[in-house]
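First comes the structure, then the notes that go with it.
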Amino acid sequence: MGKVHVMDHPLIQHKVGYIRRKELGSKDFRAIISEIAMLMCYEATRGLKLQDVTVETPICETTVKELCGKTLAVVPILRAGLGMVEGMLAMIPAAKVGHIGLYRDPETLNPVEYYCKLPADCQEREVYVVDPMLATGGSCVAAIQLLKEKGVKNIHFMCIIAAPEGVERLQREHPDVDIYIAALDERLNDHGYIIPGLGDAGDRIFGTK
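Heads up: the sequence shown begins at 5 in the working numbering, then just goes up one per residue.
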């Protein structure tokens, strides 16, 4: 069963509080989203496997640790997920990046795929699906299902703000996926927005509100 990790690091909590402010402009919002993603990446990758490697220091030969095998793939859900990619790459520059694009069908309200481009060796990597907001859970559930259909097995989901309804749905439909959350909020309102939340993350990242 996948675990839910709500991160209580003081720096993460401080920065989440800052981006909730409605007066914060897109430039600062975008920068802090990236910083939070970097800090979350540090916390969420504690389980990566290491191997011993022999190197020469300026003094002598020694054994050091380095990441074992393939590293990560970061897969943002378009478009808001793009705001988290740079922060994660700052921590793990060797990670590859895929993209999944989804839109909501106006009649069925179900997510529909319109774009998917993944690294060729994605099945061999630890894959982190990223999206700043986990509201109803529809998009992340669909994105993870798409990855599984393409043979990806080691999948994690990372978001900044989550509603309990979305967490419950993601756990129910993908119980094998670990979930990393910077802040677990109260609930969804009647329009599917997270309360207290921070509004539409995509609009605030790209200045389209």
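Note that the Cβ used here is the ideal one computed from N, Cα and C, for glycine as well.
Residue state for C72 is assigned as coil, using DSSP reduced to three classes.
Beta-bridge annotation (DSSP): E65 is paired with E60. When only Cα atoms are considered, A166 and I198 end up about 7 Å apart.
The shortest CA-to-CA distance from H13 to any of V68, I23 and A186 is the one to A186. Listed as beta-bridge partners of K121 by DSSP are H103.
Looking only at T49, V156 and E169, the smallest Cα-Cα distance to M137 is reached by E169. Taken atom to atom, the span from the alpha-carbon of P179 to that of G6 is near 5 Å. Sixteen is the threshold: since fewer than 16 other Cβ atoms of the shown chains lie within 10 Å of the Cβ of A124, the residue is exposed. Taking the Cα positions, Q55 is about 6 Å away from L71. The beta carbon of R83 sits closer than 6 Å to the beta carbons of G206 from its chain, once the five residues preceding and following it are set aside; these are given in chain order. Here L28 carries a coil assignment [DSSP, helix/strand/coil]. With fewer than 16 other Cβ atoms inside 10 Å of its own Cβ, Y107 counts as exposed. Less than 8 Å separates the beta-carbon of T75 from that of I96.
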